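2 protein chains.
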Amino acid sequence: MQQLKKEHFITHFSAENKPAYKVRLNETFAVETFDCYGGKITSETQLRTEVDIPFINPATGPIEIEGVKKGDILCINIQNIELDEAGVMVLYPGMGVLGEDVKETDTRIIRVKDGHIQFNSQLQFPAAPMIGVIGVAPEKGAVLCETPGDHGGNMDTRWITTGSTLYLPVFHDGALLALGDLHAAMGDGELDGSGVEIGGKVTLQCTKLAGAPAIGMPAVETDRAWFLISSAETVEAATKKGMRAAANRFRAAFGLGFNDAYRLLSATCSLEISQIVNPLVTVRIAVPKAVLPDLFAPGPLL
Amino acid sequence: MQQLKKEHFITHFSAENKPAYKVRLNETFAVETFDCYGGKITSETQLRTEVDIPFINPATGPIEIEGVKKGDILCINIQNIELDEAGVMVLYPGMGVLGEDVKETDTRIIRVKDGHIQFNSQLQFPAAPMIGVIGVAPEKGAVLCETPGDHGGNMDTRWITTGSTLYLPVFHDGALLALGDLHAAMGDGELDGSGVEIGGKVTLQCTKLAGAPAIGMPAVETDRAWFLISSAETVEAATKKGMRAAANRFRAAFGLGFNDAYRLLSATCSLEISQIVNPLVTVRIAVPKAVLPDLFAPGPLL
């Protein structure tokens with residue numbers, strides 16, 4: 001199995017980046033990743049306000065996926081996430097949703113052992129590993145690894161985890177996949193501005209959909225649902241964008257008019273929050289498989 | 303078992319309302335409810351824009367809960383929700399998050415049979431009954447049944463369902479409980495402005511917590527989590543309010559400083575959306591029981 005080392009990483013998703021690695025479709029490969037701080041914070045004496053970190057969220061890659069063409073949909077099956085032994089959670093005044101309530105800067109090193117996060121000497125809870133940053137080269141320009149978008153990037157979506165399949169639009173031949181910013185745990189919203197930030201190794205397998213209807217944004221599939229992942233400047237704008245994509249799929253799949261597609265969405269789909277702390281916020285429209293078995297079904301199912 | 307009929311209902315939650323019914327603590331009782339339109343829409347020829355509905359969300363009650371005092375927390379165990387045979391979903395331009403995309407006014411009568419919603423002749427999905435409006439008399443004044451708040455009301459929260467326990471602050475002796483606005487199904491967000499709106503009958507049992515720490519807002523308990531239910535003018539304001547309540551509980555339960563409580567919240571709790579279409583929006587902070595076994599634990603657990 002190819003082991004792609006973290007020494008090759010990007011700071012921006014861009015078609016200008018030259019591939020550092022190359023994998024084939026259906027090949028299982030492993031990707032080693034830094035934490036979001038590039039591994040620079042390893043002690044509780046290091047305060048975020050005093051550590052020089054020139055770029056945030058380094059993403060290992062770019063990885064050229066052989067045989068994937070512009071216009072395809074890249075399907076990324078996440079087979080395993082192996083976490084390092086310890087993660088970090090920093091805080092400083094202004095950080096996250098309640099940043100105004102943070103009065104002092106401090107750092108916690110948080111160990112992960114036997115699948116549990118040791119929050120402090122008395123409080124433990126199960127780890128829930130996830131990938132914060134994963135994406136492909138965007139259609140145009142360069143997008144900082146800190147920012148989510150239709151190319152993926154810093155989506156901080158906890159369903160991007162072991163056993164899930166992530167679907168990304170492909171804007172350039174070879175896709176130029178990159179990933180990093182693992183979390184040992186993170187609640188929806190990423191409410192203090194971070195998860196348990198950690199490095200590790202992710203095992204992946206890529207396939208592709210050719211000729212499938214474009215969703216226009218990333219989507220993730222779990223056993224129970226499809227999640228359309230929509231990023232924009234506000235929760236309201238991201239919600240509308242994701243809802244329009246879901247309503248369009250209902251129209252195409254079931255031959256419904258707009259009103260009935262909108263009703264079906266309201267009765268069965270949920271607005272979920274991925275994160276509200278990045279330069280763009282990310283929401284998900286959760287579409288139950290009990291309603292829509294295949295998000296990428298091409299025409300009227302009925 | 304007492305059967306409380308829907309003929310006695312309120313249009314505002316208020317301590318000024320005289321009790322229509324009286325039940326004892328631990329008594330199991332059934333409450334018949336109208337749909338949110340008071341049962342006035344029964345045919346697809348009736349358009350919402352042409353039907354005169356003088357008040358929305360009539361709530362059956364008020365129900366005096368004997369032995370419940372101001373300052374207690376009312377615990378409402380929802381034992382069963384029995385739905386009528388058909389619900390309704392109206393639409394008109396401007397309604398819900400994508401209201402600007404609605405070009406025509408129309409009405410759908412949607413049948414519920416054998417636990418499934420018959421959306422149209424070809425598309426069915428499982429019903430997911432829930433209570434849209436449930437609350438007590440607020441501390442001051444009169445709150446329209448359309449509006450959610452710290453007293454409960456139109457929270458449109460899908461975990462307020464069979465098997466859950468809802469916790470409401472009690473502002474007046476006897477609580478003055480009322481409920482209505484059932485949905486046969488509704489996704490988080492209530493994105494088109496409605497669920498499958500339906501009447502029915504709810505079976506409940508009330509107990510109380512005396513001397514428990516005040517949460518300051520409703521909460522609902524399921525097998526896996528506690529959900530703090532926070533309503534405010536914006537998603538941001540509701541989120542901050544709910545997060546502060548959750549962080550306060552972590553501080554009290556685990557003896558943590560603010561920064562560590564905030565970190566624990568970010569690593570383990572999720573921001574969830576109940577609805578974004580009512581006069582105030584409603585969000586939930588989901589606190590896993592794996593982290594906090596008892597939301598109402600009085601002091602340091604550790």
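Taken in sequence, the protein lines are chains A and B.
With the numbering used here, the residue at position 148 of the first sequence is 148, and numbering never jumps.
One rule links them: number in the numbering used here = place in the second sequence (from 1) + 302.
We treat Cβ as the ideally placed atom computed from N, Cα and C, and that holds for glycine.
Treat the numbers as computed from the prediction; the structure is a model and nothing was measured.
- Within a 10 Å sphere around the beta-carbon of GLU50/A sit fewer than 16 other beta-carbons, which makes this residue exposed.
- It is roughly 7 Å from the alpha-carbon of GLY340/B to the alpha-carbon of ASN359/B.
- Sequence-ordered contacts of the stretch 565-582 of chain B with chain A read ARG565, LEU566, LEU567, SER568, ALA569, THR570, CYS571, SER572, LEU573, GLU574, ILE575 and ILE578 [C-beta pairs closer than 8 Å].
- Runs of alpha helix (DSSP H) with 4 or more residues, each lying fully within the stretch 241-279 of chain A, are found at 258-268, listed in chain order.
- Along the stretch 423-457 of chain B, the positions whose C-beta sits under 8 Å from a C-beta of chain A are GLN424, LEU425, PHE427 and PRO428, read in chain order.
- At least one CB of chain B lies nearer than 8 Å to the CB of ARG244/A.
- When C-beta distances to chain A are compared with 8 Å, the residues of the stretch 487-519 of chain B below that value are ALA487, MET488, GLY489, ASP490, GLY491, GLU492, LEU493, ASP494, GLY495, SER496, GLY497 and VAL498, in chain order.
- Residue nearest to THR45/A within the set THR107/A, GLY99/A, LYS113/A and ALA185/A is THR107/A (criterion: CA-CA distance).
- Distance from PHE171/A to VAL143/A at the Cβ level is roughly 11 Å; contact not present, criterion being Cβ atoms closer than 8 Å.
- Per DSSP, the beta-bridge partners of ASP408/B are LEU393/B.
- When secondary structure is reduced to three states using DSSP, ALA59/A falls in the strand class.
- Under DSSP, no beta-bridge partner is assigned to VAL170/A.
- Rounded to whole angstroms, the gap between the alpha carbons of HIS12/A and PRO148/A is 11 Å.
- Taking the beta carbon of ASP408/B as reference, the chain A residues within 8 Å of it are ASN259, listed in sequence order.
- Runs of beta strand (DSSP E) with 3 or more residues, each lying fully within the stretch 475-532 of chain B, are found at 479-485, 502-511 and 521-523, listed in chain order.
- Annotation for GLY216/A: ASP150, PRO169 and ALA245 place their beta carbon closer than 8 Å to its own, counting only its chain and skipping 5 residues before and after.
- At a cut-off of 8 Å, the C-beta of VAL399/B has a neighbouring C-beta in chain A.
- For ILE587/B, the closest alpha carbon among the candidates GLN507/B, ALA487/B, LEU573/B and ILE355/B is that of LEU573/B.
- For LEU385/B, the uninterrupted beta strand (DSSP E) run begins and ends at 375-385, by DSSP.
- With a beta-carbon spacing of about 6 Å, PHE552/B and LEU567/B fall inside the 8 Å limit used to define contacts.
- Beta-bridge analysis with DSSP links ASN456/B to VAL435/B.
- In this structure, DSSP gives THR161/A a state outside helix and strand, which the three-state scheme calls coil.
- DSSP places GLY99/A within a helical segment (H, G or I) once states are collapsed to three.
- Shown here, GLU366/B sits in a strand according to DSSP, grouped into three states.
- Distance from the CA atom of PRO93/A to the CA atom of PRO581/B, rounded to whole angstroms, is 32 Å.
- Against PHE556/B, the close residues of chain A are LEU123, in the order they occur along the chain (beta-carbon pairs closer than 7 Å).
- Close to chain A, meaning a Cβ-Cβ distance shorter than 8 Å, is no residue of the stretch 361-384 of chain B at all.
- Nearest CB-CB separation between VAL353/B and chain A: not below the 8 Å threshold.
- Apart from the 5 residues on each side of it in sequence, LYS543/B sits with its Cβ closer than 8 Å to the Cβ of MET519, SER532 and ALA534 in its chain, given in chain order.
- Rounded to whole angstroms, PHE125/A and ALA592/B show a C-alpha spacing of 7 Å.
- Here the alpha carbon of ASP52/A sits roughly 13 Å from the alpha carbon of THR42/A.
- About 5 Å separates the CB atoms of SER164/A and THR222/A; that is less than 8 Å, so the two are in contact.
- Around the CB of ALA210/A, fewer than 16 other CB atoms lie within 10 Å, so the residue is classed as exposed.
- Between CYS75/A and CYS206/A, the gap from beta carbon to beta carbon is short of 8 Å.
- Taking ALA549/B as the centre and dropping the five residues before and after it, the same chain places the C-beta of PHE560, ALA563, TYR564 and LEU567 closer than 7 Å to its C-beta, in chain order.
- Proximity to MET89/A across ILE160/A, ILE198/A, THR33/A and ILE78/A peaks at ILE198/A, based on C-alpha coordinates.
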